[in-house]
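K.L.:
Sharing a structure here in structure tokens format.
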Amino acid sequence: MDNATLTELRERLLSLKQEITIRIKENAEKVNNIQIKGDEGDFSNAVYSREILYDLIEKDRSHLKDIEEALYNIERGTYGKCHRCGKEIEIERMKAKPTAKYCIKCRAIVESGR
Ligand SMILES: [Zn+2]
């Protein structure tokens, strides 16, 4: 991967990280602000909203973990290499998904193994 692309992807990862960190904080605050009281209808609505927020937070946290891993790999100089076969991941794929861990071929194998 050339330096310009690496710098570009690193910038994108950093701003994504910031964005997600803020969103997690906001959603966590929303969870705290949901009042679980009132009649049965209000109660289930509140529980439902909380479930949705927990879900969002969970997804964001796992995304954040991927971003941190990618940034760590940039530091180590292993960024952009497939975690399975060790070859360079297609540059177009990295641009579309800067946290990609597998090349297209390995991704298909990993996913079919689930
Ligand atoms: Zn691979």
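Numbering (the numbering used here), first residue to last: 4 to 117. Where a beta carbon is used, it is the ideal one built from N, C-alpha and C, also for glycine. As the structure is a prediction and not an experimental result, all values here were calculated from the model.
Are the CB atoms of S47 and I37 nearer to each other than 8 Å?
P.N.:
Residue mapping note: residue 47 aligns to position 44 of the sequence shown, counting from 1. Residue mapping note: residue 37 aligns to position 34 of the sequence shown, counting from 1. It is not a contact, given that the beta carbons lie outside the stated cut-off.
K.L.:
Would you say Y82 and L9 are within 8 Å of each other, going by their C-beta atoms?
P.N.:
The residue you call residue 82 lines up with position 79 of the sequence shown. The residue you call residue 9 lines up with position 6 of the sequence shown. A contact, by the Cβ cut-off of 8 Å.
K.L.:
How far does the alpha helix (DSSP H) with Q21 in it reach, from first residue to last?
P.N.:
Working through the sequence shown from its first residue, we reach residue 21 at position 18. Counting along the chain, the alpha helix (DSSP H) containing Q21 begins and ends at 6-36.
K.L.:
Under a three-way DSSP split, which group does E91 fall into?
P.N.:
On the sequence shown, residue 91 is found 88 positions in, with the first residue counted as 1. Residue state, collapsed to three classes: strand.
K.L.:
Going by the C-beta, is K87 closer than 7 Å to any heavy atom of ligand 1?
P.N.:
Locating residue 87 in the sequence shown gives position 84, where the first residue counts as 1. In the sequence under discussion, the amino acid at residue 87 is Arg, which differs from the Lys named in the question. Checking the Cβ of R87 against ligand 1 gives yes.
K.L.:
Is K108 helix, strand or coil when you go by DSSP?
P.N.:
The sequence position of residue 108 within the sequence shown is 105, counting from 1. K108 falls in the helix class under three-state DSSP.
K.L.:
Comparing alpha-carbon positions, which option in R79, K62, C85 lies nearest R13?
P.N.:
Numbered from its first residue, the sequence shown carries residue 13 at position 10. With distances taken between Cα atoms, R13 lies closest to R79.
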